[in-house]
Each structure stands twice: as structure tokens, then as C-alpha cells.
């Protein structure tokens, strides 16, 4: 069941880039949540290609349909089925990529695993698969908002060597993020990032980036000790996104260079709740949310497909060169924030529903 | 089932630091694997406290018993039950930590989640819980060795600001690693790390570190597309280890600063197998192992318990100070490598058993 | 994940009787299995309403589409998505069944569980949900046929007080079964059963029945000791079919009246394989298949919806009477055999894929 | 994970009849439930051998230890580990059963599955494995009692051809059941059953029986539509008990002979709750509990081991005869009720914890 994620609030995705469509089935959503297709579409629009010149020129509408699980505008507690039918599939000549393995791609690995592969586009390893996740994630976000007033936002923190400047996380809004063509809420950095992306595009190259995630007002006590720690499930969720290479929470890798006396977050009680003065923990201690904002970072490698000649090997064992064609994002990080948010929402919604059972 | 990990080769751990003991049940191990208690004990000895002055002076033997699943020296295919009974539990005065939440610890979170907690030591959040993982991991290693000649080694890559120098990963051995009191195979760096650890101990402080993992001769085609990608499961596995804050595979966070033209690993066929000239992928593409060595890094924060006065809050909402006592590792990274190896082995063994079914 | 069945070969169903459609996602099917929509349609045609006067006059075509997971006529190892869009939904007046709970139906229970319900038809509890199972079951059957030459057939064994006569299970064929309008391969019993069904229909009543299942050439060694015994998974599978009330395997309830000396199946070796002279075990011992035919029986209650006045209670706590309308099967057992076969195939296919890992 | 049962309230059993011991790990139990070893021991005493002449003369104390998960007399929310160390293992000569497959036993199947087996006693297929279930079931019962005042009782309903007479289920108590040496609360039937059992023992034979289960005051709305229907999970649970051959709920197989007009349970509202006049449903409609008592029946075959010469085959393919020795129950049904209750409690406790999440 490698296409299923979550124990109680559980999503199963299906579909390939060049098949009939993509979608998902969301099982375990509580009954009574107001939901219609526009809730989903709003999120898919943030993910879809062709938004601006920072992304692939493929223009796909990604129109979603809800096929089950909603009655008279509310979820019924039964599986919610989402489908997006594929369009804009130019008829391609696939002879080249049928023969040659694209470097940095899953082509060889699918052949090793399955004996053959759907060589049109990325097949199942295409980022189009994440449409089903974003659809389910939109429901998870609504659930978290209603249950605890939780808000989840993600933004581009770096592209290539350009880093986002310091941000005030208390006031940061989704609007500020979405106002930037590269989704970086620091206007100066955003402008430089745009240049880096355009430069990569011009040179038929691609460039990597990082995405930051912030969860405001997370429910407390989420996360199950040992293997289903909040940190562990977020890590799995993020590393399951195509092109991701790293994950850190709170102080992350910087923690490894610190002393305990500087890293420990001092606790205090404000008369109502417990808080910490700093948030090196990133909102999770012992794998359980402590109520502070959850803060994570995800690394994305540069897009593997570049329109340059590359040395590679072929299906029959021949060594040679491939010049990949097609229209691709020069930087996957730009469209990644809504996917990062969705995966975080899926983790948290599932843990919220698991958590309700812990105290008699 | 947050104490269970793995779909087919599946381990369930149990136990608290100050209860009767700790252990695990390993279900789904194939029949016929030679196994006795000494296989397990050898690995537990690498994890146990009191090994040298780099670790906590608590001297625990951690003697393991196999209670089921082995008959006439071989696994039978039925659950293998491991138990280590606790000893060296000094009678403590727990009044202080019963009252005050230790900064950087799970104390508050357990109270938020469960309403009360076993306040003796770390309870379930203690690193003693990892004994059950290391026991099961020892079996996973034997299985991988027999199935594919796979070898898994981990070492300390940095402590505080001291980094391990360049290593030849082709020749690196476990013996070189274990020869260092801090498990760093670079002798010069090892000596400096020892100083950093001793300095932290002297100052009643602690220090963070990173651990690197290398899997030689991994089976190809491991990892399930989408949510159970090899990268995703390794990330979950590593972030489930107490005190871990980050994970990266292959080029990791550095990938986010690179261009596609430098990051893509060139493919070639050597007459027998496919290989890549570089290994930025870290052995996994599209979430599936490509046969190159799997290479990861894990960040560990400094030990939370330090014998200094720290501001914190108490169970009743009071704000005050806590001076934690007890004998603790100044740097958890030093004993972490065998845990990192064990978690990797559990991931890979489970995927090997899942993989056998993919092609008709 | 109550809409998901199977660990490795795993199906997730979705859809309601009066929503946009029904379907399922099948994850974990090995790559390389020849498959097209006609394979699925053939099975759905055995399940669909309106086949003859023994079944509901609702005439639904139940045309299936495969939306993913098949490329160039073969499965790719990725999720296979099936959809059947609903049609023939007469515009009904739902006022009555919105108000009154139908006796013998899930109406009250859905309200107790979810707070409200999709009151059009059976909603999620409709037998239309089984379309997704039959679609996935068709793939399971193909897989089992290819892997082990396994054949799975089911037939109506009794309707009301009419029992099927003795059958020669060695020669029984699906053709013989499907030749009967009530799917009973004993022509004399079939004729009497038709009368019982027509009589129930005429009297605006319904009638129960039993269905027998036979698996010829099952793979040996299927079933996991303890909770995933073959018997236990078959029992879960069968009792998950709407209207089922009982399950037995082999000698079943009759075994409770026997002595060990008559019940034990004598073993012998025929020079090639082990066999038993009798098959009281029904093909499973200790929860593991022994190679003999697997033989089970499932009890179905009479259709709950009958067009008679029935005393019942309403949503607001009122007590009164309901006269249900609609077009319903007088005997659900008649269309049940393909569902029984499908559930058995799903169990066996999942166990086959789990089994490959047991011996090194 | 075939040794694990339950999604949230989840038990993993381990151990063989002739190994060091047997036990289980119960994960997911809520924190704060009062629990000590005597709660568990009381249930194990109902299961243990050597209770009276109706059971095997093997006298095993089955003394349980709780190794984790309980602190100051209450569950902590972390895994509860149970262990019973084996004793009274007479040194046997295993030469015969090492060579010959016992008819009616799992011996051949284990060899087919695993390539070899622990031939001492039943190994993993021994009923001693159920000790771990009964221990966890005792916790489940306490939880259900505390959450909803639920009571679960089971009794012997038939042995051989002797049936229990009509019972008043409203007044039936555990004390009445346990007062009978064969656990049949009808004194006249109990006396006849004792004769049947003694007769079987005298003749070196064994005899089958059925066990009935009654759940009073079950929580409403338990059971998840589709695959995790209450009926389906109970069926899996019961068929996972060694020697069980059949399961029915409510009217069960008798329903297959009835008409809808007689089978449908009339609903009414009593001013406070909904009830049904009859209970053909057995407390579950659409797979969801409706609040009426849950009523099931389980069939057990006669004990496979009998001390008579039986024709059988050997490991090397030889055909011959086996005269099994050892001390065995002449009728497994007599000790089965507490196991049946435990499995039902495990199902219900898991569903209770899943249910808490269904309505916002």
C-alpha cells in the first residue's frame, strides 16, 4: 500500500502523467465538514503548471471533480474520491526517452523494479501524482482550521545561492508569499531568485531550492511516541515529495553544532498555557507537539530534466547521449510550497484523529 | 500502533527506562536464518552505556534474551521476542523532576498527551527504548548480509564545530570506526572531538553532532513509489530516533544550491550493471534504490539533560529553576551509530521482503 | 482505512449508490499482468442488476473505465484506478426514507455514527459499493490463474428452504452455474429456487440464501499464522459483504457435532504431493492452505427492503409505519456469487504476494 | 504483521508452546486505566489447563508478569508487555511427531510454508499462543467496562450432539457459566455434555462444540463501513482462534431460510433510545452496532490430537501410521469461552478508540 498515507485520515493516490488522469481517495474524514470542489480547486491552482514564467509553460487547468463522500455540501464520513482528467498531452515522439535513461530520473529504477515502464513523461514518478495529495491536503487544512484554528503556510526559502532574508514569522501571511512569482516573501530576495530561475531557463539548466513550512496554532499533544513521532511522520511526508533530498525541524542541522545550554528552550507558564522562550525544538519534543509553531525546512534538488546533451546509458546496455525535450520547471521549489503544506496537513489531521483517544 | 515499524518485517518495541525491562517483538522474519543471542548482544554492546569516558558512566550490561522464534539455531518464521531486564537503577529522589519540566525534554508533552507520566528517568522517551530496535536491527543486518551481501556502517561525522575529514568510502570499515572512542574514523578529528566532549562534560554541558550512514551493496529496486519511497522511510526511521533533528540523503541540503547540470549523476553500463559516475542521488532515484551505495546524514541535538540551573515551569504552573541530576551522555551522537544502522537495516529488510513480489 | 482491504495487494473502494459513481483503487498489483477493461467488464456483468427476472429490474450497465496503472495492455505495478459512473437514477421522492428508518437497514446506525446520512438509496451501505471490489477481484483472479492455475467459483447453495443437491466438485464449472437464472448448478433445485424467488417477489417479500465457494488449485502455504490465518481473512472478507450473516469453512458448524476420529483428514503422499483423503479442513490447517480445494459457505439474510408496511421509528423519535418503494432484488444471494469469488480472490492474491518472502 | 491485531488498540503476540514462554505487547491502550497483574491473572486462570477433568491434565500455572506500560497502578499510554514463562515441559521423545505429520494439525502446512518447524508440541500453532490474547483482552474488557459499562460473556452452547437449552440472555451471568465444569449454564445439558466429554476421553477420542458470545451494553455506532464492519472483524477474530471452523452473528445461517418480513427487526423509540423488538441482526446493521446486545456463535472442531492409531504421511514422503501421545483436551470448546470473549473485547476496544473521531 505504498500509495496510501495515514492510519485514520488516510489518502490513496493514483494516476500517471500521461494516462487518463490522476486523483486520490480520502478515507476517514469525519462527517459534517463543509466541503465543495472550489475548496479543492483553490489549492490545485497554486500547484498547477503554467502560472507564470517561473514555472513550466505547460498550461494545465487541473479541474477537479469530487465523485463521492460529500452530500448536501458536507462530508459524510465515507471515502471522498477526487479525479483530475489529464489534458494538454501533446503528441510526443517518445523514441528517445524510451531508449535512453534520463540522468537524475527514476527511469532506470522503474525498469529495475518492474521490468518495464510507462516511458511517456514521468509516468507514476511524475509530480502530477501530487495532485491527489494536494486535493486531500485541502480537506485536511479545512479540518485543522475548524478543529483548532490551525494555519499552515510554506514559502521558498532559497533558490540556488540566494537566501530569503529574516522574516517575522508571527506576521507572515500566505498573501505575502503568493504575491511573489517565486513564492519568497522577502521582496529583495524574490527579485534575485527570479533572476536565478530565468538564468537557469535561458541556459537550458535548472536550479535547486529550499522550502520552509510554518504551522501556526497547531493542536498540542500530537504525535505518537517512538515510530510515529511528529518529527518522523513529517520527515517521511516531506521526503516522499518528488525531488526532495533533506528535511530538518526546528534548529535542524544547526543543532548539531550547539551546546545543550544554548539549545534547550526555556519553559514558562503564562497563566494560561506553557510556552518556550525560544523554539529550537520547532514545536515538537519527544515527538509530540508542545503548542509552539511547528517549523521545518525541506531541500529540493534541481529539476532533473534539462535540455542539454547528457551522457547516459540505454535500455539495451549501450552508452551514449540524450538530449531531453519537453517543457519543464526550471526550479521545482517554486511550485512545491502547496505540496509541502498539503503533506504537513495530512500528517497533522491524521494525528489529530488518533489523538482523541489518549485519555479516558 | 506507534510502537510498530515495518509492514512485513515488522518490529514492536516496549519498555521504559525505569520499569522491569525493555525489549521488542520482531514479526515477519523469514524462516531459516541462523541466529543466536550472541548476534544480538554484539550490537547491544555497541549501544550500551558505560563503554568509555565519552559516554554516560551508568554501567548497564544490557544482557539480551531471545524468548521465542528461534529453534535449533535458526529462525522459524514466527515472532522473535527480545527482552533486556533493567538493572543499575539507583534509588533516586524524583521529587524535583516530578515537579519541574526539564527543558528540551518530553516531560511537558507527555503530561499534555496522557495526563500524567512515569517521571522516573525518561520513561518511554528514554533512549533505552532503542534497545529493542537494535536487537531487531541485528537480525535485519544478518538477513541483508545473507540475501545480498549488504553491509551497513555508520560513524560520527561531526561533534560541535569539529568535522570529520574526507574519507574513502570504498575502504571504510566498521573496525576503523569502532577504534575511535567517539566513533569518528578520522584520527585527527576524533582527537579533537574527544576534547570537545570532555570539555562539555567538565562544564556540565552537552554538545550536538551528526552521524553518517553508508550502505554498501544494497539490493537494487528497493523502495515503493510515492509514500514508501526509500528516502521517505529512511527519513521517518532516522527522525524517530530520540534527539534527531534533521536528515539528508546524497547531496542533501547542498543539492538546493546546485544546478541540474552539475547535480545529475551520469549513467553508464559497465558490461554487467548500470552505474553512476557520481552519487549525488545517494543511491536512490524516484524513491527506489539504483544499486549505488546509500548515503545519508542525521543531525542530533545536544543532550537535553545538563547539570546546570535552568529556568523552567512546573506541573502546577509555577515558574522557577531546575538543577537536573543524574549521569548522562555529554553527546548522544557517540552512541547513535549502531541505532542509525539498525533503523536503516529495518527499513531495507522490510523493503527487500516487499520487493520480492513486484514482477511476475 | 476501513475502505481498504489487503496488505500488499490492496484495494480501496469509494462511492455511493446515488452519487456520481463508484469505483476502487487497486495498489500493489505486480507489473506485467495482461489486463484490459473487458476483463473487468465480464465480471461486472455477472454482478449488475437487471440480468433477468430473478434480480432487480433496475437496468444499470455498470460500464467500467480503467483510469491508471495499465500501459500497452499490461499492469505497470502502479495503482489501478477503476470508475463506474452511476446512471438510471430515477428522480425519487425521498421524503419517506429521509424521515423513517428502514427496518433491517443501516439507516439508524449511520445516523448514530455520523450524525446524518445520504438518505438516497443505501448511500455507502448500498451493494453498489461492491462494484469496486468485483473490479479489483477480477485482477486478483487473473493473477492467481497465471501464478498457480487457480480457479475460483461460487454458486447458490440454498434459497429459503430449497437446498442444492449433491454436486461433483471435481467437475463443477462456472458455465453450469451461470446457466441457472438463480446460479444453482443443480437443475431441479434451481427450478424450485426460481419459484421461491418469484413467490417472494409476488408477495412483496424477500428471501435469504447461502452461497458456496470453491477454490481449485489453490497455491499451497497461503495464510499467516495467528491473526491472518487464511480462514480468518476469508471470514472477514465474506462478513464484509452486505447482508451476510455467517461463514463456515470445510466441515464448518457440522464439525462441532463430530468426533476427532471421524473429522481428522487422513494424509497420504502420492509420489509427488501430499493430499488428504477427505477434506473436512476445507483446504486450510492451522490457518495455512494445504493444497486441497478451499471450500466455504456464506449465509445471506433476506433483502431488508420489502414493499410492505412495516412498523418502525423516525429521525425525530416518532414511532409509525413505513412502506418502502423502489426496485429491489428479492434474494441477494442470486447476485452474490461473483462478489464472494472476488473477495476470496482478493484474500488469496494478497497472501500469495506475502508468501513469497517466507523462506530464504 | 500477522501476529498483530487492531489498528489503534493493537496487540502483538509471541511465543511457542515449548519455548521460553509466551506473551504479548498491547499498544495503544489509553492512559489512566487502573491495571495490575491480578486483573490479567483472573482471566488467564479461566483459560489455563488442568482446571478439572474436562480439560487436559497438564497443570500449568500460567503466571503472568506485566513488564511495562503501567506506573503507580495505572496504564501510561505506552505499550504494555505481558510475559508468561513456560513450565511443566515434560521431556518428551519427539522422534515420532518429528517424522510423521499429525492428521488435522498444522504440521505439514508449517513445513510447506517455512521449510521446517518446531516439532515440539504445536509450536506457534499451539493454543498457548492465545495466552497473549487473553492477557490483552483482559485490558480491553476493563476499558469497555469503564467507557460504556459493557459486559462480555461466552459459554458452551453445544458439545457433540448435546445442545444447551433455551436461556434468558437478560439474566445470564458469568457465574452461572463458570459454575459448570463444561461452561454450559443449562445444568441438564451441562451434565450430559460432561458425559460426552468423559466418553470421548475414555475412548481416546475427542469431540467438537460451539461457543456463544453475548455483549451486553455495547457502545453504539461501533464498526466501520465496508471492510472493517463489526461483523467482519468479529468473524476474523473468531476464525483466528485455533480449531474454529465457523462463525455466525444474530440469526446467522438460519437467516438464509427466512423471509424479509420475518427477519427484519422492527424499530421503536422508547423515549430515550432506539431499540428493536427482535434481534435477528445480532446487534449490528450495515456493520455498525445499533445498541442491541451483540450475539454470535463460533464452531470448534474436535481436538485434532487423539491417542489412536491414524494413517498419515511422513516428512520423507512415506505413508504409515502415527499413534500420538501427550495430554490433550478432549474438547477444546470447554476452555474456549474466555478466548472468544477476549477476541471480542479486542475488536470492540479498537473500534471504540476509532469511533471517537467520527463527528466533528
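Protein chains in written order, with the numbering used here: chain F, 88 to 447; chain A, 88 to 447; chain H, 88 to 447; chain V, 88 to 447. Beta carbons are placed, not taken as given, at the ideal position from N, Cα and C, and that holds for glycine.
For this session: Please determine, among F:250, F:259, F:168, F:138, the residue with the shortest C-alpha to C-alpha distance to residue 268 (chain F).
Result: F:138
Exercise. Which runs of the beta strand (DSSP E) spanning at least 3 residues fall entirely within the region 257 to 329 of chain A, listed in chain order?
Worked result: 296 to 303
Exercise. Of all Cβ atoms in chain V, is any one closer than 7 Å to the Cβ of residue 103 (chain H)?
Worked result: no
For this session: Please confirm whether residue 418 (chain F) and residue 375 (chain A) have their CB atoms less than 7 Å apart.
Result: no
Exercise. Any beta-carbon of chain H closer than 7 Å to the one on residue 196 (chain V)?
Worked result: yes
Problem set entry | Reduced DSSP secondary structure (H/G/I, E/B, other) of residue 183 (chain F) | helix
Exercise. Which first and last residues belong to the alpha helix (DSSP H) in which residue 350 (chain F) is found?
Worked result: 347 to 350
Exercise. Is it the case that the Cβ atoms of residue 117 (chain F) and residue 90 (chain H) are separated by a distance below 7 Å?
Worked result: no
Exercise. What in chain V is Cβ-close to residue 91 (chain F), meaning under 8 Å?
Worked result: The contacting residues do not exist; residue 91 (chain F) stays about 13 Å from chain V at best.
Exercise. Going along the chain, which residues of the region 242 to 260 of chain V sit with their C-beta nearer than 7 Å to a C-beta in chain H?
Worked result: 245, 247, 248
Problem set entry | 4-residue-minimum alpha helix (DSSP H) runs that sit fully inside the region 153 to 241 of chain V, ordered along the chain | 182 to 186, 194 to 201, 217 to 235
For this session: For residue 136 (chain A), decide whether its Cβ has a neighbour in chain F, counting only Cβ atoms nearer than 7 Å.
Result: no
Exercise. What is the DSSP secondary structure of residue 441 (chain V), counted as helix, strand or coil?
Worked result: helix
Problem set entry | Spatially closest choice to residue 408 (chain A) from A:414, A:416, A:396, by CA coordinates | A:396
Exercise. Helix or strand or just coil, what does DSSP make of residue 120 (chain F)?
Worked result: coil
For this session: Flag this pair as touching only if the region 116 to 136 of chain V and the region 420 to 427 of chain F have three or more C-beta atom pairs under 8 Å; answer yes or no.
Result: no
For this session: Can you grab the Cα-Cα spacing for the pair residue 106 (chain F) / residue 122 (chain F), in whole Å?
Result: 27 Å
Exercise. Between residue 126 (chain H) and residue 172 (chain H), what straight-line distance do the alpha-carbon atoms span, to the nearest angstrom?
Worked result: 18 Å
Exercise. When the Cα atoms are used, what is the spatial distance from residue 174 (chain V) to residue 145 (chain V)?
Worked result: 10 Å
For this session: Evaluate contact between the region 285 to 300 of chain A and the region 381 to 392 of chain A, counting only Cβ atoms and requiring at least three cross-stretch pairs below 8 Å.
Result: yes
Exercise. Per DSSP, what kind of secondary structure is residue 408 (chain H) in: helix, strand or coil?
Worked result: strand
Exercise. Residue 96 (chain F) and residue 437 (chain F) look like a contact to me (Cβ under 8 Å); what is the Cβ gap, rounded to whole Å?
Worked result: 4 Å
For this session: Rank A:310, A:93, A:311 by C-alpha distance to the C-alpha of residue 49 (chain A) and give the top, closest one.
Result: In the structure displayed, chain A extends from 88 to 447; residue 49 (chain A) sits before or after that span and is not available.
Exercise. Given that residue 395 (chain V) touches chain H, what residues does it touch there, using C-beta distances under 8 Å?
Worked result: 348
Exercise. Using a beta-carbon distance below 7 Å, is residue 158 (chain H) in contact with chain V?
Worked result: no
For this session: Within its chain, find whatever has a CB closer than 7 Å to the CB of residue 229 (chain H); leave out the 5 residues flanking it on each side and keep chain order.
Result: 120, 122, 126
Problem set entry | Close-in-space but distant-in-sequence residues of the same chain around residue 142 (chain V) (CB under 8 Å, 5 per side omitted) | 136, 416, 421, 422
Exercise. Which residues in the same chain as residue 353 (chain H) place their Cβ atom closer than 8 Å to its Cβ, once the five residues preceding and following it in sequence are excluded?
Worked result: 363, 364, 365
For this session: Ignore the nearest five residues each way along the sequence and tell me which others in residue 217 (chain H)'s own chain have a CB closer than 6 Å to its CB.
Result: 426
Exercise. Does the distance from the C-beta atom of residue 334 (chain F) to that of residue 334 (chain A) stay below 7 Å?
Worked result: yes
For this session: Can you check DSSP and say which residues form a bridge with residue 355 (chain A)?
Result: A:362
Exercise. So is residue 338 (chain A) in contact with chain V if we call contact Cβ pairs under 7 Å?
Worked result: no
Exercise. Which one of H:377, H:208, H:183 has the shortest CA to CA distance from residue 304 (chain H)?
Worked result: H:377
Exercise. Going straight from the alpha carbon of residue 449 (chain H) to that of residue 199 (chain H), what length do you get?
Worked result: Chain H is shown from 88 up to 447; residue 449 (chain H) falls before or after that span and cannot be answered.
Exercise. Roughly how many whole angstroms lie between the Cα atoms of residue 209 (chain F) and residue 253 (chain H)?
Worked result: 56 Å
Exercise. Alpha carbon to alpha carbon, what distance is there between residue 343 (chain A) and residue 250 (chain A)?
Worked result: 21 Å
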